[in-house]
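Written below as structure tokens is the structure these notes are about.
Number of protein chains: 2
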Amino acid sequence: MHKINYARYIVLGMLSCGPTTGYEVKRFVKEFMSYIWDISYGQIYPTLSLLERQGCATMNEEKTGGGRPKKVYQITDQGLTELQAWLRGPETKEYELFLKLCFGSLLTPDELIPKLEAYRRKREEELPIMEEWLKTMESGPVMGPNTPYYLLLTKFGFDYFHLEKEWCSQSIETLKKLE
Amino acid sequence: MHKINYARYIVLGMLSCGPTTGYEVKRFVKEFMSYIWDISYGQIYPTLSLLERQGCATMNEEKTGGGRPKKVYQITDQGLTELQAWLRGPETKEYELFLKLCFGSLLTPDELIPKLEAYRRKREEELPIMEEWLKTMESGPVMGPNTPYYLLLTKFGFDYFHLEKEWCSQSIETLKKLE
DNA sequence: AACAACATGTAATAAGTTACATGATTGG
DNA sequence: CCAATCATGTAACTTATTACATGTTGTT
Chain A
25 MHKINYARYI
35 VLGMLSCGPT
45 TGYEVKRFVK
55 EFMSYIWDIS
65 YGQIYPTLSL
75 LERQGCATMN
85 EEKTGGGRPK
95 KVYQITDQGL
105 TELQAWLRGP
115 ETKEYELFLK
125 LCFGSLLTPD
135 ELIPKLEAYR
145 RKREEELPIM
155 EEWLKTMESG
165 PVMGPNTPYY
175 LLLTKFGFDY
185 FHLEKEWCSQ
195 SIETLKKLE
Chain B
25 MHKINYARYI
35 VLGMLSCGPT
45 TGYEVKRFVK
55 EFMSYIWDIS
65 YGQIYPTLSL
75 LERQGCATMN
85 EEKTGGGRPK
95 KVYQITDQGL
105 TELQAWLRGP
115 ETKEYELFLK
125 LCFGSLLTPD
135 ELIPKLEAYR
145 RKREEELPIM
155 EEWLKTMESG
165 PVMGPNTPYY
175 LLLTKFGFDY
185 FHLEKEWCSQ
195 SIETLKKLE
């Protein structure tokens, strides 16, 4: 099991939306994905040139008057194939599904729905376990002086899992209508 | 601005709860913090021995019959001082506050409350911005074919920020009663 | 007999951050 | 004229993951 390189898929995904530059990738991620993803120039630029060397993207320089020329990257068939293989493959990390959803139009709703169902099922299994923890913590200082603080966090975790579960259900319904 | 080493503070925090071993740290994090934190043995054991070398912890070997002896680590005054300095200091990363809360008993409620208030304020400022995005995305395919998928994610983000905001308010009230 | 849990650790590798370096253009 | 934004990139560093290595004890 190898590590997943989020940066690579963020960049590849952005490229799949149309020709773009490193600067624009950063802007987009900051503006519309900042509450869940981040990416730094130190990842973007090396990733972009690696992608080019590997045949996943092509580059065109655009002269902009006096300034530094823009480097506009475009995804290739090979890049698209790799992106789709990742999108279709299994999620190995928490939240990987959220990133995949950003490029959801590259899959059909019925490829996405089972993934959302699996995610929901996982949360459904975890919720009663968290409820147990809550009861344990409420019944006594089982975790020493930090118990009241863990309790706050666990309450948050419980509500958070519940939110994810509900969101999955709603999203599944929305995707079914899109089909 | 330097990177924060979560692993170091997770281990230091666990040590502040009483003498413990690397194996136990892993177990605890997995059992009670897994929905938000993770830590691997590849981080735990080197961190533990670094902490010892730096005078933040002391180690005692406990022979357990035939098996490999347990290495029980205990936090020192220096380690506690470092932990508290971090707890009192500013949060530089998203979710750092959640980790600090795990060891909340080392601070007074009125040291924690302003931190929660600041976090809530941040979310209160971001919520109307996300509401704007939602309107923008609902009014047309502003982000190409991925728009319906971004919309799902942004809805989640909005509800999530709302949840965090509400949780802050409830936690602040709980902490006020603890005072 | 097999398997999970207890228990510690290292080496190779990968992923991500920060600080730095450079310079044009646009708006107030 | 100053600050922000546009625009690209590198080097040093830190942080984290994975796979491997080893062996015991308790449970089924």
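First to last, the sequence lines map onto chains A and B. If you want our numbering, it's the 1-based position in the first sequence plus 24. If you want our numbering, it's the 1-based position in the second sequence plus 24. Using N, Cα and C, we set each Cβ at its ideal position, and we do this for glycine too. Note that this is a predicted model, so its numbers are computed, not measured.
Taking C-alpha positions only, B/Pro70 is separated from B/Tyr184 by approximately 35 Å. Contact between A/Gln108 and A/Leu130 is confirmed by a C-beta separation of about 6 Å, below the 8 Å threshold. From the beta-carbon of B/Ser129, the residues of chain A found nearer than 9 Å are Gly168, Pro169, Asn170, Thr171, Pro172 and Tyr173. Residue range Lys94 to Ile99 is occupied by the beta strand (DSSP E) that includes A/Gln98. In the DSSP assignment, A/Glu85 falls within the beta strand (DSSP E) that extends over Ala81 to Glu86. Taking 9 Å as the threshold, the shortest C-beta distance from A/Ser64 to chain B does not fall below it. Here the stretch 187-197 of chain A makes no contact with the stretch 31-41 of chain B; the two share fewer than three CB pairs at distances below 8 Å. Proximity of the stretch 115-126 of chain A to the stretch 165-184 of chain B meets the contact definition, three or more beta-carbon pairs being nearer than 8 Å. Relative to the Cα of B/Glu188, the nearest Cα in the group B/Ser64, B/Met83, B/Phe56 and B/Leu140 belongs to B/Leu140. B/Thr44 is bridged by DSSP to B/Tyr97.
With fewer than 16 other Cβ atoms from the protein chains shown falling within 10 Å of its own Cβ, B/Gly164 counts as exposed.
Using a CB distance below 8 Å, the part of the stretch 103-129 of chain A facing chain B consists of Phe122, Leu125, Cys126, Phe127, Gly128 and Ser129, ordered along the chain. Less than 9 Å divides the Cβ of A/Ala31 from the Cβ of A/Gln67. Of the candidates B/His186, B/Ala81 and B/Glu150, B/Ala81 places its Cα closest to the Cα of B/Thr44. Separation of A/Lys27 and B/Gly42 (C-alpha to C-alpha, rounded to the nearest whole angstrom) is 34 Å. Spatial neighbours of B/Tyr143 in its own chain (CB-CB distance under 7 Å, excluding positions within 5 residues in sequence) are listed in chain order as Leu121 and Cys192. For A/Gln67, the nearest beta carbon of chain B is not closer than 9 Å to its own beta carbon. Within a 10 Å sphere around the beta-carbon of A/Ser40 sit 16 or more other beta-carbons, which makes this residue buried.
A straight line joining the alpha-carbon of B/Gly113 with that of B/Leu136 spans about 11 Å. Sixteen is the threshold: when 16 or more other Cβ atoms of the shown chains lie within 10 Å of the Cβ of A/Gly46, as they do, the residue is buried. By the criterion of a C-beta distance shorter than 7 Å, B/Trp110 is surrounded in its chain by Tyr33, once the five residues flanking it on both sides are discounted.
A straight line joining the alpha-carbon of A/Phe182 with that of A/Val53 spans about 28 Å. In this structure, DSSP gives A/Asn170 a helical state, which the three-state scheme calls helix.
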